[in-house]
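Colleague:
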Amino acid sequence: MKRSNVGAMDSVIDITGLVKRFGTTTALDGLDLHVTRGEVHGFLGPNGAGKSTTIRVLLGLLRADAGTVSLFGKDPWRDAAELHRRLAYVPGDVNLWPNLSGGEVIDLLGRLRGGLDEKRRASLIERFGLDPTKKSRTYSKGNRQKVALVAALAADVELLILDEPTAGLDPIMEAVFTDCIDEFKDEGHSVLLSSHILAEVERLCDRVSIIRSGRTAETGTLAELRHLTRTSVSAELAEKPTGLDDLAGVHSVVVEGQRANFEVDTVELGAALQALGRFGIRTLTSQPPTLEELFLRHYGEDVAPEDVEA
Amino acid sequence: MSAFTGTWMLLRFQLRRDRMMLLWWIAGGVVLYYSQAVSTKGLYTTQAQLDKAAKGMESNAAFIAMAGPARALNTIGGQVAWQAAAFGAIVAGLMSMFLIGRHTRAEEESGRDELLRAGAIGRHAPIAAVCLLVCLANLVLGLLIGASLASYGLPANGSFILGASGGLAGLVYGAVALVAAQLSQSTRGAYAITGAVMGLSYVLRAIGDIGNGVLSWLSPIGWGQYMRAYAGDDWWPALISVAAVAGLGVAAVRLFDRRDIGSGAWAARPGPARGGRLTHSTLGLAWRLQRGSLIGWASGIFLGGLAYGSIGDDVNDLLGDSQFTHDVFGQGGGSLLDSFYGVLALLLALMGAGFSISSVLRLRSEENQHFAELLLSTGVPRWRWAASHLALAAVGTAVVVGAGGVGLGLGFVLVTGDGGAFGRLFGASVPYVIPLLLLIAVTWLAYALRSAFAVAGWVALGFCFVVMMFGQTLRLPAWLMDVSPFEHLALLPAESFRLVPLLVIGALTLAVAGAGMVALRRRDIA
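What follows is the structure, given as structure tokens:
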């Protein structure tokens, strides 16, 4: 088994070149994912990119066809049950036994994980406003999610694997969730968070990995990712600018009289502004990419390979 | 827009979804009847042989309890009607039950019904569509049974009467299922209610057919058999079935009108806020999930046993001293009464196998509904999750078979006052636990290899049933019949106890179950 060279102790999830096929379709095609201790790692990608498949391989439910997968330095397929005592999982689509009450499900999952913190259980039920006496069949999607979240957060674990955990929660409950993740992280624990809610990702995640068609497209901190994308610049100049097209990293130049609009790779922003300065800047607005733009760029079909590698 | 807007569209949609299922059920039903005609004709080459066999069968209470009243057994048609009618009715009933369940309660449970109803669909359109579907399926089934038998050369009138009796039974059980789907909040519960009604009506007619026939008039299977296919050909009992369908249908619609979509007839009660002892372990969870089914099956088989037992020793009159009966039932040298109860004990065990198989299949539904995913993401290893349900299936099977044995013994003792008989009848039932465990192991191995293979469990049970019921008349080759583990056991109390077959079957069970454990470790969990 492959040992992680940079301090095996700090590596929580270590996936390299993971391949998973279902019949003739290839769900994961050389995926890499690394999560270190104490970080909240955002796991992003368009629908069907392979996020849930990756998580199910990590849980030892699916067997990897190729690549190395290590969880706390061990093989999740072989040591599934042992590893699961150290993690809690909230699926994207929470299905609960219809004739068990929410309280029963929380206790069941907690005990099977090796015990849960009574005080935390009570406070979480309170904070999430959950009625634990209702039968699972009568819960709404959001309430089923709360049951799974309470069970996961009340467990005494080091890693949370959350697959779109807030998709059914109202904004107030989402805030509660965010606080809970902060507290969990403050204890030095790690989270793998798959989510489409960008504000949540921005607020919570230290690093993110964006996957597309079963491969890792991008990984890094949000600042790093921003750095790899383009800033849009709009300027009013003293004289008609020329030669903007020839500048390195500048795209989509539109010059109308003394106005210039263009996009520039964020790494080349300084050089572009210097070049612009030669024409006498009267007004200048420069807009860093919003998170939405960042993701649209990575999710969209038109990402050229060189953009991804950058 | 009327309450029925969209009915045709829904019907076409349902036909599209169910076309393979309908094909298999209808083909299976027709083959059940047709194969009886072919095998009977092949078995008895002269009328004299048929006369002789008929005499033996007419006086055999076990046969009558299993199949129905003996009428015109010295004709091919009479033989076909006798052997196929009761099981044909059950097959048609199961087909209707599954069709109704799939398109009513299961749709509501999954939320798909909501999606449909949000469209331009009349309030009663989904129910109307599935009723049409069930009518259509049973009509085709009945017509094909009649046409196939008539084309084989049996009297046309009797053939279509026989086909109609099967189709009508299907309609009655379909109507029962429709009512059950309104009462129960879960599909599983609706099937349980319908299955219980089917079991009850099978047992009622068995007692009626052996006795004075009154109880048979309370059973949809009895109504069909009173149509006397090939033995007088009466159409009028069909009116009882039609009336029953109409009455149940109206009741179902009334119930439907009074409830909310998604709810049952009774409001859901709150549950405990804390998990009790039962949520400490996967075994506790398995018990929590399956206890309703186990209690239902155990009581059902107990009542079935009680009913059979209450036939008492009256069978001696029926059995007479026909040489044929001696040949078939007296092989072990025991008394004919003992043979009769030996067969009934086996029959009860095979019915109880319904619990065994469905209990193992719980694993499949736990996986398909993603409950397994949640459990296996905790500290539970796969083997322990599976072993919990398997342990419950095994112990539950022993309880169900035991309940049948207690019922059989108790019924007999209550009627005859012969207290010593209890142990013999109970003891006759208990050994069948072992072959049922093998069925559990086979179902489990199939599931462990691939979730979709799990249906092999029902196929295996169906095979054992066919071997027991029709093995002789279909003239199955000996090696094929030997595949059924039940063939190897001593027919207690008529024969003397043999330990070796039980040990061999037990060892085989362990090996198959072990292979299942290896298989589950290797595959992906959905």
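Order-wise, the sequence lines are chains A and B.
Per this note's numbering: the first sequence = residues -17 to 292.
Per this note's numbering: the second sequence = residues 2 to 527.
Cβ coordinates follow ideal geometry from the N, Cα and C atoms, glycine included.
Buried or exposed: Ser34 (chain A), going by 16 or more other Cβ atoms within 10 Å of its Cβ?
Modeller: buried
Colleague: Does the stretch 210 to 217 of chain A come within contact of the stretch 230 to 250 of chain A, defined as at least 3 CB pairs closer than 8 Å?
Modeller: At 8 Å Cβ cutoff, the stretches touch.
Colleague: Expressed to the nearest angstrom, what Euclidean distance is found between the alpha-carbon atoms of Ser452 (chain B) and Asn75 (chain B)?
Modeller: Approximately 47 Å, taken between the alpha carbons.
Colleague: Examine the Cβ distances between the stretch 16 to 25 of chain B and the stretch 46 to 61 of chain B and report whether three or more of them are shorter than 8 Å.
Modeller: no
Colleague: Does Pro273 (chain B) get closer than 8 Å to chain A when you measure Cβ to Cβ?
Modeller: yes
Colleague: Where do the ends of the alpha helix (DSSP H) carrying Arg194 (chain A) lie?
Modeller: First-last for Arg194 (chain A): 189 to 194, but that is the beta strand (DSSP E), not the alpha helix (DSSP H).
Colleague: Are the CB atoms of Leu179 (chain B) and Ile101 (chain B) within a distance shorter than 8 Å?
Modeller: yes
Colleague: Looking at the secondary structure, which residues open and close the beta strand (DSSP E) in which Ile263 (chain A) lies?
Modeller: Note, Ile263 (chain A): beta strand (DSSP E), 263 to 269.
Colleague: So if DSSP puts Gly24 (chain A) in a beta bridge, which residue, or which two residues, is it bridged to?
Modeller: A:Leu175, A:Val190
Colleague: Give a yes or no on whether the C-beta atoms belonging to Leu174 (chain A) and His66 (chain A) are separated by under 8 Å.
Modeller: no
Colleague: Tell me whether Asp164 (chain A) sits in a helix, a strand or coil according to DSSP, three-state version.
Modeller: helix
Colleague: Under 8 Å: do the stretch 420 to 432 of chain B and the stretch 377 to 397 of chain B share three or more Cβ pairs, one atom per stretch?
Modeller: Not touching, per the Cβ criterion.
Colleague: Give the straight-line distance between the Cα atoms of Gly190 (chain B) and Leu82 (chain A), rounded to the nearest whole angstrom.
Modeller: For the pair Gly190 (chain B) and Leu82 (chain A), the Cα-to-Cα distance works out to about 15 Å.
Colleague: So the candidates are B:Val414, B:Leu150, B:Thr283; which of them puts its Cα closest to the Cα of Leu91 (chain A)?
Modeller: The shortest Cα separation from Leu91 (chain A) among B:Val414, B:Leu150, B:Thr283 belongs to B:Thr283.
Colleague: In three-state DSSP terms, what is Gly49 (chain A)?
Modeller: strand
Colleague: Would you check if there are 3 or more beta carbon pairs closer than 8 Å linking the stretch 270 to 280 of chain B to the stretch 169 to 179 of chain B?
Modeller: no
Colleague: Specify the secondary structure class of Leu483 (chain B) as computed by DSSP and reduced to three states.
Modeller: It should be noted that the sequence gives Asp, not Leu, for residue 483 (chain B). Residue state, collapsed to three classes: coil.
Colleague: From Ala63 (chain B) to Leu348 (chain B), what does the alpha carbon distance come to, in whole angstroms?
Modeller: 10 Å
Colleague: Quick one: is Ala269 (chain B) near chain A, going by C-beta distance under 8 Å?
Modeller: With 8 Å as the cut-off, Ala269 (chain B) counts as an interface residue toward chain A.
Colleague: Can you pull the chain A residues whose beta carbon is under 7 Å from the beta carbon of Val434 (chain B), in chain order?
Modeller: The premise fails here: Val434 (chain B) is roughly 28 Å from chain A at the closest Cβ pair, so nothing lies under 7 Å.
Colleague: From Met116 (chain B) to Ser3 (chain B), what distance separates their C-alpha atoms?
Modeller: Residue identity differs from the one stated: residue 116 (chain B) is Leu in this sequence, not Met. Cα-Cα distance, rounded: 19 Å.
Colleague: Name the two residues that bound the continuous alpha helix (DSSP H) containing Asn77 (chain A).
Modeller: No alpha helix (DSSP H) holds Asn77 (chain A); DSSP gives it neither H nor E.
Colleague: Between Asp289 (chain A) and chain B, is the shortest Cβ-Cβ distance under 8 Å, so that the two count as touching?
Modeller: Note that Asp289 (chain A) scores 43 on pLDDT, short of 50, meaning its location in the model is unreliable; the coordinates nonetheless yield the value given after this. Judged by the 8 Å Cβ criterion, Asp289 (chain A) is not in contact with chain B.
Colleague: Could you name the residues of chain B that His66 (chain A) contacts, counting a contact when the two beta carbons are closer than 7 Å?
Modeller: Ser378, Thr379, Gly380
Colleague: Starting from Val173 (chain B), follow the alpha helix (DSSP H) in both directions and report where the run begins and ends.
Modeller: 157 to 184
Colleague: Around the C-beta of Ser118 (chain A), are 16 or more other C-beta atoms found within 10 angstroms, so that it is buried, or is it exposed?
Modeller: Note on Ser118 (chain A): 16 or more other CB atoms within 10 angstroms of its CB, so buried under the neighbour-count rule.
Colleague: Keeping to the same chain, check which residues put their C-beta closer than 6 Å to that of Thr201 (chain A); ignore five residues upstream and five downstream.
Modeller: The beta carbon of Thr201 (chain A) is closer than 6 Å to those of Ser191 in its chain, skipping five residues each way along the sequence.
Colleague: Are the stretch 7 to 16 of chain B and the stretch 127 to 146 of chain B touching, with three or more C-beta to C-beta distances below 8 Å?
Modeller: yes
Colleague: Between Glu367 (chain B) and the rest of its own chain, which residues show a CB-CB distance below 6 Å, the 5 nearest in sequence each way excluded?
Modeller: Closer than 6 Å at Cβ, skipping near neighbours: Ala373.
Colleague: Would you decide whether Val414 (chain B) is buried or exposed? Buried here means 16 or more other CB atoms lie within 10 Å of its CB.
Modeller: By the neighbour-count criterion, in which 16 or more other beta carbons inside 10 Å mark a residue as buried, Val414 (chain B) falls on the buried side.
Colleague: Using a C-beta cutoff of 8 Å, does Thr280 (chain B) count as contacting chain A?
Modeller: It does; some Cβ of chain A falls within 8 Å.
Colleague: Mark His16 (chain A) as exposed unless 16 or more other C-beta atoms lie within 10 angstroms of its C-beta, in which case mark it buried.
Modeller: buried
Colleague: Take Leu438 (chain B) as the anchor and find which of B:Ala287, B:Ala176, B:Ala247, B:Val402 has the nearest alpha-carbon.
Modeller: That would be B:Val402, whose Cα lies nearest to the Cα of Leu438 (chain B).
Colleague: Give me the Cβ distance between Leu393 (chain B) and Ala287 (chain B), rounded to the nearest whole Å; I'm assuming they're in contact under 8 Å.
Modeller: 5 Å
Colleague: On the three-pair Cβ rule with 8 Å, is the stretch 103 to 121 of chain B touching the stretch 76 to 93 of chain B?
Modeller: no
Colleague: Just mark Pro436 (chain B) as buried or exposed, buried being the case when its beta carbon has 16 or more other beta carbons within 10 Å.
Modeller: buried
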